[in-house]
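In order, the protein sequence lines correspond to chains A and B.
Per the numbering used here, the first sequence starts with residue 35, numbered consecutively.
Per the numbering used here, the second sequence starts with residue 49, numbered consecutively.
Contents: one structure, followed by commentary.
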Amino acid sequence: GQSLEQPSEVTAVEGAIVQINCTYQTSGFYGLSWYQQHDGGAPTFLSYNALDGLEETGRFSSFLSRSDSYGYLLLQELQMKDSASYFCAVEGSGGFKTIFGAGTRLFVKA
Amino acid sequence: EAGVTQFPSHSVIEKGQTVTLRCDPISGHDNLYWYRRVMGKEIKFLLHFVKESKQDESGMPNNRFLAERTGGTYSTLKVQPAELEDSGVYFCASSQDGTERSFGNGTRLTVT
């Protein structure tokens, strides 16, 4: 079967750093994406990793290890507005059939 | 540039009725996807268009769901007849290269 595992909830304080992990088991792998979704809004693309290593975009970084079938999203200098759900997604077999994780709900406290 | 737009934003229908959801992708995006999120669970893939062709429709739950993309522009997703378990948020996304996807705000469908 195909599955993605990520924590259901994470709580952190403003200004802190938080890491959201994602492990996957899929048939075929083309890349790992991360999306942010605020309540009632559209998922917003954050990052895409096709190769091993760290990709940095401002306060957000994403890491991939294909040998470990593992990736993470790192959020630095947390702000209240970062409170949202974060989904990891694998581009699996065929390259375009995206499989999403169940999402991690991030709560940022003052 | 305009983003992905979906219509309607909300729809409440009775079991057995028909509903048609519309998605207008970002202009120039050949790839168009439909997804569904039920009761706060994971976002599930429904199908993928490349221009007007269905590239992958393996996620469509059953034959009550019909998606079309005439002319390779906007797409419609029809549910006929609707059942209670079809309630959820239906997202459309488009992409130029298949990696970064832009999502619409979704259509919240409630079947009573």
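Beta carbons are placed, not taken as given, at the ideal position from N, Cα and C, and that holds for glycine.
### Message
What would DSSP say about T78(A), mapped onto helix, strand or coil?
### Response
Judged by DSSP in its simplified three-state form, T78(A) adopts strand.
### Task
Hey, could you find the ends of the beta strand (DSSP E) Q59(A) is sitting in?
52-59 is the span of the beta strand (DSSP E), which, as asked, contains Q59(A).
### Query
So is T45(A) in contact with chain B if we call contact Cβ pairs under 8 angstroms?
no
### Message
For a quick check, are the C-beta atoms of S119(A) and Q71(A) less than 8 angstroms apart?
### Response
yes
### Task
Could you check how far apart the C-beta atoms of L112(A) and G49(A) are, in whole angstroms? I think they sit under 8 angstroms.
6 angstroms
### Message
Rounded to whole angstroms, what is the Cα-Cα separation between W82(B) and A136(A)?
### Response
17 angstroms
### Message
Please return the same chain residues whose Cβ sits closer than 6 angstroms to the Cβ of Y82(A), not counting the five positions on each side in sequence.
### Response
Taken in chain order, the residues that qualify are G65, S67.
### Task
Grab me the residues of G120(B)'s own chain with a C-beta within less than 6 angstroms of its C-beta, minus the 5 sequence neighbours each way, in chain order.
If we look at G120(B) and ignore the five residues flanking it on each side, its Cβ neighbours are K99, E100.
### Message
According to DSSP, is T138(A) part of a helix, a strand, or is it coil?
### Response
strand
### Message
Please tell me whether I133(A) has its Cβ less than 8 angstroms away from any Cβ of chain B.
### Response
yes
### Message
Measuring straight from C-alpha to C-alpha, what distance separates C140(B) and V44(A)?
### Response
One C-alpha to the other measures close to 27 angstroms.
### Query
In whole angstroms, what separates the C-alpha of P73(B) from that of M87(B)?
About 25 angstroms.
### Task
Could you pull out every residue in the same chain whose Cβ sits closer than 8 angstroms to the Cβ of S59(B), ignoring the five residues on either side in sequence?
V67, L69, T155, R156, L157, T158
### Query
Shortest alpha-carbon distance to Q103(B) belongs to which of N111(B), A115(B), Y138(B)?
The residue with the shortest Cα to Cα distance from Q103(B) is A115(B).
#### Entry: Proximal residues to V137(B) (C-beta, below 6 angstroms), its chain only, five neighbours per side dropped
R85, G154, R156
### Task
Tell me, please, whether the CB atom of F141(A) is closer than 8 angstroms to any CB atom in chain B?
no
#### Entry: Cβ-based neighbour list, L88(A), same chain, cut-off 7 angstroms, excluding 5 preceding and 5 following
S95, F97
#### Entry: DSSP three-state assignment for D72(B), whether helix, strand or coil
Note: D72(B) maps to strand in three-state DSSP.
### Task
List the DSSP bridge partners of L95(B).
W82(B)
### Task
Show which residues of chain A have a CB atom less than 7 angstroms away from the CB atom of G154(B).
A76
### Message
Going by the DSSP bridge assignment, what does E90(A) pair with across the sheet?
### Response
S95(A)
#### Entry: Short Cβ contact (8 angstroms threshold) for T160(B) with K63(B)
Taking 8 angstroms as the Cβ cut-off, T160(B) and K63(B) qualify as a contacting pair.
### Message
With a threshold of 8 angstroms between beta-carbons, can E148(B) be considered close to chain A, or not?
### Response
yes
### Task
Note the first and the last residue of the continuous beta strand (DSSP E) segment covering K102(B).
101-104
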